[in-house]
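Colleague: The structure that follows is given in the form of structure tokens.
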Amino acid sequence: MKYKINEFLKSNNVCIISTNEPYSASVFYVYDESNEALLFISSPKSRHIKLNEISSAAIYTTNPIKGVSIQGVLLKASETQKSLYLSVYKQARFAIKHEIYALKLKYLKYTDNTLMLPKKTELYYE
Numbered sequence: 010m011k012y013k014i015n016e017f018l019k020s021n022n023v024c025i026i027s028t029n030e031p032y033s034a035s036v037f038y039v040y041d042e043s044n045e046a047l048l049f050i051s052s053p054k055s056r057h058i059k060l061n062e063i064s065s066a067a068i069y070t071t072n073p074i075k076g077v078s079i080q081g082v083l084l085k086a087s088e089t090q091k092s093l094y095l096s097v098y099k100q101a102r103f104a105i106k107h108e109i110y111a112l113k114l115k116y117l118k119y120t121d122n123t124l125m126l127p128k129k130t131e132l133y134y135e
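Below, the structure is given as structure tokens:
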């Protein structure tokens, strides 16, 4: 099942990140499979980064209904992760005042209604 989840994460590129306050933002992401993290770019001055409480993300498709709900820890991306992100989003090199962040996965719930209703898989990461 982890293979299906990784394929889902790699086949999408937009997620909603949320803070502990009622605040969220849509971001383009790259899934770093080897480090089990979602990589995204944002301004250090943006509200969701200044709060430094990003702890969740959601990625869903509607036809068929598939998706993940994620809890994780916000970190600054490593140099390797930055290179991975910039290899996908080359135009991001011009976002000089922005940083690349990593949402390190701690918990993930995967829903795939093509498998069986209501099929949900939960994973815990180290």
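Basically our numbering = 1-based index in the sequence shown + 9.
We treat Cβ as the ideally placed atom computed from N, Cα and C, and that holds for glycine.
Under 8 angstroms: does the beta carbon of Val97 sit that close to some heavy atom of the ligand ADP?
Modeller: Inclusion of the ligand ADP in the displayed structure is not the case, the ligand content being empty and no account of it being possible.
Colleague: Lys106 by DSSP, collapsed to three states: which one?
Modeller: Here residue 106 is taken as the residue at index 97 of the sequence shown, counted from 1. Three-state result, Lys106: coil.
Colleague: Based on DSSP bridge pairs, tell me the residues matched to Phe49.
Modeller: In the sequence shown, the residue the question calls residue 49 occupies position 40. DSSP lists Tyr38 and Tyr110 as partners of Phe49.
Colleague: Hey, how far is the Cα of Tyr94 from the Cα of Phe103?
Modeller: Here the question's residue 94 lines up with position 85 in the sequence shown. Here the question's residue 103 lines up with position 94 in the sequence shown. Going from the Cα of Tyr94 to the Cα of Phe103 covers about 13 angstroms.
Colleague: Please list the terminal residues of the continuous beta strand (DSSP E) segment that includes Ser65.
Modeller: Within the sequence shown, numbered from 1, the residue matching residue 65 stands at position 56. Here the beta strand (DSSP E) through Ser65 covers Ser65 to Thr71.
Colleague: Output the boundary residues of the alpha helix (DSSP H) element that contains Leu132.
Modeller: Locating residue 132 in the sequence shown gives position 123, counting from the first residue. Premise fails: Leu132 lies in the beta strand (DSSP E), Lys129 to Tyr133, not in any alpha helix (DSSP H).
Colleague: I'd like to know whether the C-beta atoms of Lys106 and Ser52 end up nearer to each other than 9 angstroms.
Modeller: Looking up residue 106 in the sequence shown gives position 97. Looking up residue 52 in the sequence shown gives position 43. Their beta carbons are under 9 angstroms apart, which means Lys106 touches Ser52 by this criterion.
Colleague: Check for me: the beta strand (DSSP E) holding Ser27 runs from which residue to which?
Modeller: As a working mapping, residue 27 is identified with position 18 in the sequence shown. Looking at the DSSP string, the run of the beta strand (DSSP E) that includes Ser27 is Val23 to Ser27.
Colleague: How is the beta strand (DSSP E) around Leu83 delimited, first residue to last?
Modeller: As a first step, residue 83 is located in the sequence shown; it is residue number 74 there, counting from the start. Ile74 to Lys85 is the span of the beta strand (DSSP E), which, as asked, contains Leu83.
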